[in-house]
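First residue of the sequence shown: 1, per UniProt numbering; consecutive thereafter.
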Amino acid sequence: MAYIDIYDGWKSDPEAFWMEAARSIDWIRPPSKALFDENAPLYEWFSDGLVNTCWNAVDRHVEAGRGDQLALIHSSPVTHTVKGTTYRELRDHVAEIAGGLRAKGVQKGDRVIIYMPMIPQAVEAMLACARIGAVHSVVFGGFAANELAVRIEDCKPKAIIAASCGIEPGRIVHYKPLLDQAIELSAHKPDFCVIYQREQEICELIPGRDFAWHSFRFGVEPAECVPVEGNHPLYILYTSGTTGQPKGVIRHTAGYLVALSWTMKNIYNIEAGDRFWTASDVGWVVGHSYICYGPLITGATSIVYEGKPVGTPDAGMFWQVIQNHKVKSFFTAPTALRAIRREDPEGLLIKDYNLSNLQAVFLAGERADPETIAWAAKHLKVPVIDHWWQTETGWAIAANPFGIELLPVKPGSPTKPMPGYEIAILDDDGHPVPAGTLGAIAIRLPLPPGTLPGLWNAEARFRKSYLEKFPGYYETGDAGYLDEDGYVYIMARTDDVINVAGHRLSTGAIEEVLAAHPDVAECAVIGAADALKGQMPVGFLCLKKGAQKPHAEVVREVVALVRDCIGPVAAFKSAVVIDRLPKTRSGKILRATMAKIADSESFKPPATIDDPAILDEIRAALQTIGYAKA
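Right under this line is the structure:
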């Protein structure tokens with residue numbers, strides 16, 4: 001069937017569509033129906049079914065005779081190690097950890113925080129919680145103590161599972177002191193902690209509270225899978241909130257299983273036995289969906305990568321991993337490809353590796369500019385597929401469904417809505433706008449299975465953040481448009497749409513033009529306050545390695561490019577060359593923070609920022625062009 005047949009089939013009978021999709025999951029008690037809408041607009045999916053995520057991700061593959069297949073491959077250039085874990089080994093490890101948790105009193109519904117680097121034990125800890133119905137909340141390893149404390153306060157975990165350290169290029173990140181400080185700061189105290197001691201750093205354990213991972217696992221009865229209701233929370237994942245208080249996105253069990261199972265074949269073209277690599281972190285939603293749960297539910301082999309796109313040791317490491325582990329589909333963030341392109345503009349390192357198993361590259365997490373997509377497609381010689389989704393949705397809102405058919409690619413668009421998502425572009429009053437017109441992107445309710453049913457202990461905040469502005473819709477917080485063919489274009493966060501003398505302009509559209517300059521590797525545009533025009537666009541340019549032109553000449557050329565491509569209406573006159581852009585650890589550019597610096601406003605660096613010192617560099621660069629005044 002073609003994409004349009006499948007999408008129209010969903011639209012004509014959503015209930016039948018999702019009940020059919022649910023047949024790919026092993027149920028302890030099948031659901032009586034798909035959608036439960038009695039509490040609309042708070043919808044639930046498959047609520048009266050009984051199911052277990054760990055069974056679907058691990059045990060059933062062993063029972064099916066595929067226990068000797070690799071479930072996980074840990075590729076760690078920072079420790080110079082590669083290690084595989086079969087499905088049988090994974091089942092046994094997870095059952096032991098789950099048994100240890102149960103022996104210490106962790107039960108169905110209890111929360112467990114996981115604070116670990118990119119090691120297989122992080123995935124095992126997640127699955128162990130799912131096995132006994134505990135609700136895990138993964139916090140990015142190395143998060144600051146005060147931010148970890150906020151999450152401990154909010155979800156009140158019975159236990160915390162952590163590692164002694166994380167490893168970054170050239171340094172060790174000491175997790176245990178951060179964990180101890182966070183527990184000290186929090187009014188809520190966990191009953192106990194489990195610490196995985198890495199050989200790079202053996203930390204001190206607090207007697208009576210801390211237990212070593214290996215001793216914790218052994219000597220207890222392995223746990224069996226505990227049935228949970230379809231609407232039982234699998235996890236809480238915190239995402240940044242505009243108020244500074246993080247939002248705990250809830251993921252219900254059954255809908256997530258069904259949605260991820262559907263996406264693995266239909267979007268990523270992955271089936272049992274295939275090799276799938278997502279270069280993210282388990283602390284982010286992409287890591288939850290497509291390092292841990294999605295590939296394992298399908299019976300694929302998932303690569304757990306502990307390293308960077310560049311610097312561990314060079315810009316060819318991604319291609320080495322794809323070659324060595326025969327990766328079929330690869331998923332990363334555009335910012336990772338931009339970092340590689342900056343170091344290796346001609347793609348010379350790509351030629352050193354055999355990428356014959358690679359069928360496609362998928363991008364998400366940050367807007368994928370057409371220049372980066374074109375560069376990757378040229379050198380990798382496979383489809384490079386942008387797709388768009390959010391922490392809140394858990395899987396793609398819009399994508400090019402590679403496993404169904406490869407739709408015609410339009411650079412700059414993540415293609416078309418997936419089944420379950422009916423997208424509308426609305427003006428500020430909630431009225432639909434014509435094709436090609438920039439507006440707020442909203443999704444008609446109900447959202448499909450696998451998306452957030454609410455926020456942890458914060459129903460009022462959930463309604464206010466997502467449901468109130470456009471009744472009957474979910475407000476995405478993104479701005480963009482639909483073209484005449486129904487393709488979606490994500491141009492900016494709603495907050496990044498700037499108003500220049502009454503004209504609403506997308507920073508993403510200006511960034512597309514800047515990125516087209518042959519010397520520009522990466523860029524960002526913000527709106528800075530202006531007494532006359534309200535806001536003025538300001539550009540930040542990171543140049544390719546080896547770029548020879550004087551910075552002033554590059555700035556003059558990009559200003560001329562914007563005037564030619566967008567017109568004088570953009571009023572684009574200011575740009576500055578910098579060494580690097582401020583980003584979160586997941587690769588999102590901190591445009592809102594940069595705008596506050598430009599306007600000399602006070603701000604709090606986001607908890608997820610990769611390197612806070614870069615903000616001083618941004619301030620200094622802005623001062624050279626008359627912004628960020630003291």
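All C-beta atoms in this analysis are idealised placements derived from N, C-alpha and C, irrespective of residue type, glycine included. Since the model is a prediction, treat every value here as computed from it, not as a measurement.
Nearest-angstrom beta carbon gap, residue j and residue i [assumed within contact, 8 Å]
| i | j | result |
| --- | --- | --- |
| W388 | V488 | 7 Å |
| H288 | V138 | 7 Å |
| L482 | F540 | That pair is no contact at about 29 Å. |
| E392 | R217 | At roughly 34 Å, the Cβ-Cβ gap does not stay under 8 Å, so E392 and R217 are not in contact. |
| A212 | I236 | About 26 Å separates the two Cβ atoms, so there is no contact after all. |
| M418 | A398 | 7 Å |
| K247 | T239 | 5 Å |
| A560 | I510 | Wrong, their Cβ atoms sit about 13 Å apart, outside the cutoff. |
CB of residue i within 9 Å of CB of residue j, strictly
| i | j | result |
| --- | --- | --- |
| P334 | G508 | no |
| T81 | A71 | no |
| V123 | I291 | yes |
| C225 | R131 | yes |
| A528 | P518 | no |
| A628 | I614 | no |
| L127 | V106 | no |
| C174 | C203 | For the record, residue 174 in the displayed sequence is His; it is not Cys. Against a cut-off of 9 Å, the Cβ pair of C203 and H174 comes out as a contact. |
| L35 | E44 | yes |
| A339 | E522 | yes |
| R275 | A300 | yes |
| V520 | V558 | yes |
| N146 | L185 | yes |
Cα-Cα separation between residue i and residue j, rounded to whole angstroms
| i | j | result |
| --- | --- | --- |
| A575 | P345 | 22 Å |
| E601 | P449 | 41 Å |
| E15 | P31 | 12 Å |
| C165 | A259 | 34 Å |
| G439 | G486 | 15 Å |
| V361 | I385 | 6 Å |
| Q197 | D281 | 20 Å |
| N39 | S261 | 26 Å |
| A134 | W456 | 15 Å |
| Y353 | A279 | 18 Å |
| L349 | V321 | 13 Å |
| Y256 | R493 | 25 Å |
| I566 | E553 | 20 Å |
| R556 | R342 | 21 Å |
| D8 | E512 | 32 Å |
| V313 | R171 | The sequence given here has Pro at residue 313, not Val. Looking at the two C-alpha atoms, the distance is approximately 14 Å. |
| I578 | F46 | 50 Å |
| I250 | P233 | 6 Å |
| I373 | K573 | 27 Å |
| A103 | V220 | 7 Å |
| T298 | M264 | 7 Å |
| A516 | E468 | 39 Å |
| residue 666 | Q535 | The question about residue 666 has no answer here: the residues shown for the chain are numbered 1 through 630. |
| M118 | P207 | 27 Å |
| W319 | A187 | 46 Å |
Three-way DSSP call (helix, strand, coil) for residue i in this model
| i | result |
| --- | --- |
| S47 | coil |
| T476 | strand |
| I609 | strand |
| V62 | helix |
| F36 | strand |
| T79 | coil |
| R619 | helix |
| R580 | coil |
| T53 | helix |
| H431 | coil |
| I25 | coil |
| S600 | coil |
| Y87 | helix |
| I625 | coil |
| T95 | Reading the sequence as shown, one finds Ala at residue 95 and not Thr. Three-state DSSP puts A95 in a helix. |
| S574 | strand |
| Y305 | strand |
| Y421 | coil |
Which ranges would you report for the beta strand (DSSP E) in the segment 488-570 if only whole runs of at least 3 residues count? Within the segment 488-570, complete beta strand (DSSP E) segments of at least 3 residues are found at 488-493, 497-500, 503-506, 520-530 and 534-543, given in chain order.
Just to confirm the assignment: which complete alpha helix (DSSP H) runs, minimum length 4, are found wholly within the segment 222-303? The segment 222-303 is shown to contain whole alpha helix (DSSP H) runs of 4 or more residues at 253-266 and 294-298, in chain order.
Report the start-end ranges of each beta strand (DSSP E) in the segment 307-361 that is 3 residues or longer and not cut off at the edges. Complete beta strand (DSSP E) runs here, min 3: 329-332.
Unbroken alpha helix (DSSP H) runs of length 4 or more, entirely within the segment 433-473: which are they? Runs of the alpha helix (DSSP H) inside the segment 433-473: 459-462.
Any chance you could list the beta strand (DSSP E) runs of at least 3 consecutive residues sitting entirely within the segment 142-223, in chain order? You should have 159-163, 165-168, 171-174, 192-196 and 210-212.
Whole runs of the beta strand (DSSP E) within the segment 365-417, excluding any shorter than 3 residues: DSSP assignment within the segment 365-417 yields the following whole beta strand (DSSP E) runs of 3 residues or more, N-terminal first: 384-386.
What are the complete beta strand (DSSP E) segments, minimum 3 residues, inside the segment 105-139? Within the segment 105-139, the complete beta strand (DSSP E) runs of at least 3 residues are 111-115 and 135-138.
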